[in-house]
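Below you'll find the structure, written out as structure tokens, and then a few comments.
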Amino acid sequence: MEDFEKQIIQKCQKGDLEEFDRLYEYYFNKIYRFVAYRILDKQTAEDITSQTFFKALKGIKGFNADKGNFSSWSYRIARNNIIDYYRGNKSNLDISKMWKLRSDDDLENEVEIQEKMEQALNALKKLSKEHQEILIMRIWDNLPYKEIALITGKSEENCKVIFFRSIQRLRKEVVLSLIVMSLIIQNL
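Numbering (our numbering), first residue to last: 663 to 850.
Next comes the structure, spelled out in structure tokens:
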């Protein structure tokens, strides 16, 4: 954890909760993107992100830097809020809702991209929810294994193994290039 974070957290833990704004401003976009990729409804994603920071603010006095950094703690809160949201709506996490296509004036190109995305999504759906989640955190959210481990409660080595096995399985189905292409298209 960076020194400025430690100082802010220590001030918050001593009761100066106005300092929390600095953490909020620094992490808001990261946490919002994490949530928005999993909840495609903008209003719901904003609500879940707000809930995440509200819970972090309420729990800041109990935050223990020895167990991880603020970033991982925030992602874990967001992840739990997403799980609670889907449980509350009696919906299952649908991997297809996590991937969006950009609209394009070139209809032929859009149809081709849509077909490739469907192939990639079908292959991803064959992975377990755990494998999907770790794969998405690593590729889409660009999180390091250490942070993924803290978020999921698994060991860093286990996260690496799960990611490697997921990639191997996707390679067997010859869709890894489609996934990479879709990520590139999404980030254009």
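Backbone N, C-alpha and C fix where the C-beta goes; we use that ideal spot for every residue, glycine too.
- If you draw a straight line from the Cα of K717 to the Cα of I739, it comes to about 8 Å.
- For a cut-off of 8 Å, the C-beta gap from F725 to I671 is around 6 Å, short enough to register as a contact.
- In the three-state scheme derived from DSSP, where H, G and I count as helix and E and B as strand, F725 is classed as coil.
- Excluding five sequence positions before and after L719, the CB atoms of its chain that fall closer than 6 Å to its own CB belong to F682, given in chain order.
- Between the alpha carbons of A698 and N691 lies a gap of roughly 10 Å.
- Only exposed fits A727, as fewer than 16 other CB atoms lie within 10 angstroms of its CB.
- A Cβ-Cβ separation of about 5 Å places Y686 in contact with F715 under the 8 Å criterion.
- By the beta-carbon neighbour count (other beta carbons within 10 angstroms, threshold 16), S817 is exposed.
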